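Visitor:
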Amino acid sequence: MSVSAPSLPSLPPNIPPNIPPNAARPATHRPATRSPGHDVRSIPKVLRSEWIKLASVRSSMVILAVTVGAGFLVAWAVAALVTDEVLYVSEVGFYWSVVTAVLAAIAGILLFSSEAQHGTLATALAAQPARWVLTLAKALTAAAVGVVLGAAGLAAGFGGALISDIGTGDTSGIAATTLWVLLYTALSAVLGLGVGMIVRHSSGAIAGVLVWGFVVENLLNVFIPESVSRFLPFLAGNRLLAIDSDLDSAEAIAVALTRAENALVFSIYTAVALAAGAISLYRRDTT
Numbered sequence: 016m017s018v019s020a021p022s023l024p025s026l027p028p029n030i031p032p033n034i035p036p037n038a039a040r041p042a043t044h045r046p047a048t049r050s051p052g053h054d055v056r057s058i059p060k061v062l063r064s065e066w067i068k069l070a071s072v073r074s075s076m077v078i079l080a081v082t083v084g085a086g087f088l089v090a091w092a093v094a095a096l097v098t099d100e101v102l103y104v105s106e107v108g109f110y111w112s113v114v115t116a117v118l119a120a121i122a123g124i125l126l127f128s129s130e131a132q133h134g135t136l137a138t139a140l141a142a143q144p145a146r147w148v149l150t151l152a153k154a155l156t157a158a159a160v161g162v163v164l165g166a167a168g169l170a171a172g173f174g175g176a177l178i179s180d181i182g183t184g185d186t187s188g189i190a191a192t193t194l195w196v197l198l199y200t201a202l203s204a205v206l207g208l209g210v211g212m213i214v215r216h217s218s219g220a221i222a223g224v225l226v227w228g229f230v231v232e233n234l235l236n237v238f239i240p241e242s243v244s245r246f247l248p249f250l251a252g253n254r255l256l257a258i259d260s261d262l263d264s265a266e267a268i269a270v271a272l273t274r275a276e277n278a279l280v281f282s283i284y285t286a287v288a289l290a291a292g293a294i295s296l297y298r299r300d301t302t
């Protein structure tokens, strides 16, 4: 009579034969994922991080000091030393805002280019991989910086003009012009941020903005028709200050844009620069 071999207990599925049946199964690895809601909720933290970095950089305080100190001196010098025309505080107080907008653009450049040059951009992206969140946080920070610099420049300009002996002038339009100035400086800082994201080099980006704003646009304004030059970025932005100039020709006055139209022109340049910078951030390495 044949004797059958004892049957072995069957193992549960997916457990190798060399693992006892009562052993714990290995944990399944699941890659970490982020939801859009998680990215949105992280925006306040990224904003706070941007402000901490901004406050810790010495260049921020230097730009603010130049805005206030030089603005005060220039406004006082113009009001006290220019004698060939009648000037008023309501006009001179806004003169320095032309330079303040350029300083705001430089501050916006440094918000990104300083990180890209010093190798901290990779750390920032490791902490926040959603690059659109980082772009939005830097844009909001740049706009806030522009507003602060614009307000500081206005305070310095009016302060320097007030200590001189010139008259006050018509003050009815000061409040409205102040709002346009703050919009201009805020957009200038965001424009600078976009340029910095594209160039990624502080010296190159700053030199480009300075040469374009103070040299190239002035040359183009001389050699191209007024109907075209009115769409140049900083010339359009400067029109928001409503500063009358004896150098404006009759043709330039005839085709001049309104304040809202000038703001739209400058806003388009700002949006294009920021969009190009965001695309560059997505497509290029962090180093």
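Per the numbering used here, the sequence shown starts with residue 16, numbered consecutively.
We treat Cβ as the ideally placed atom computed from N, Cα and C, and that holds for glycine.
On a predicted model such as this, the values are computed, not experimentally measured, just so you know.
What alpha helix (DSSP H) runs, 4 residues minimum, are completely inside the region 170-215?
Guide: Whole alpha helix (DSSP H) segments, 4+ residues: 189-214.
Visitor: Please report how far the alpha carbon of residue 291 lies from the alpha carbon of residue 228, in whole angstroms.
Guide: The residue given as residue 291 occupies position 276 in the sequence shown. The residue given as residue 228 occupies position 213 in the sequence shown. Rounded to the nearest angstrom, the two C-alpha atoms are 20 Å apart.
Visitor: Give the list of continuous alpha helix (DSSP H) stretches no shorter than 4 residues that lie fully inside the region 83-110.
Guide: 104-107, all fully within the region 83-110.
Visitor: Classify residue 168 as helix, strand or coil using the three-state DSSP reduction.
Guide: Taking the sequence shown and counting its residues from 1, one reaches residue 168 at position 153. Here residue 168 sits in helix by DSSP.
Visitor: Using 8 Å as the Cβ pair cut-off and three pairs as the minimum, do the region 125-136 and the region 201-211 touch?
Guide: Contact between the region 125-136 and the region 201-211 is present, because at least three Cβ pairs lie under 8 Å.
Visitor: If you run the structure through DSSP and keep just helix, strand and coil, what is residue 257?
Guide: Here residue 257 corresponds to residue number 242 of the sequence shown, with the count starting at 1. Of the three classes helix, strand and coil, the one that applies to residue 257 here is coil, per DSSP.
Visitor: Please go through the same chain and pick out, in chain order, the residues whose beta-carbon is closer than 7 Å to the beta-carbon of residue 7, but skip the five residues on each side of it.
Guide: The requested residue 7 does not occur in the structure, where the chain is confined to residues 16 to 302.
Visitor: Here's the rule: buried if 16 or more other CB atoms are within 10 angstroms of the residue's CB, otherwise exposed. What is residue 182?
Guide: As a working mapping, residue 182 is identified with position 167 in the sequence shown. Result: exposed.
Visitor: DSSP on residue 240, reduced to helix/strand/coil?
Guide: Counted from its first residue, the sequence shown places residue 240 at position 225. Three-state result, residue 240: coil.
Visitor: Quick one: what's got a C-beta closer than 8 Å to residue 10's C-beta in the same chain, skipping five residues either side?
Guide: Coverage of the chain is limited to positions 16 through 302, which leaves residue 10 absent and any answer about it impossible.
Visitor: Report the start-end ranges of each alpha helix (DSSP H) in the region 121-147 that is 4 residues or longer and not cut off at the edges.
Guide: Qualifying alpha helix (DSSP H) stretches, in chain order: 136-142.
Visitor: Looking at the secondary structure, which residues open and close the alpha helix (DSSP H) in which residue 274 lies?
Guide: Counting from 1 along the sequence shown, the entry for residue 274 is found at position 259. 274-298 is the extent of the alpha helix (DSSP H) around residue 274.
Visitor: Only counting runs of 4 or more residues, tell me where the alpha helix (DSSP H) segments fall wholly within the region 52-79, in order along the chain.
Guide: Whole alpha helix (DSSP H) segments, 4+ residues: 58-71.
Visitor: Work out the CA separation of residue 147 and residue 166 for me, nearest whole Å.
Guide: Translated into positions along the sequence shown, residue 166 becomes position 151. Translated into positions along the sequence shown, residue 147 becomes position 132. When rounded, the distance between both Cα atoms is 29 Å.
Visitor: Between 215, 143 and 175, which lies nearest to residue 93 when the distance is taken from Cα to Cα?
Guide: As a working note, residue 93 is residue 78 in the sequence shown. Of the candidates 215, 143 and 175, the one whose C-alpha sits nearest the C-alpha of residue 93 is 175.
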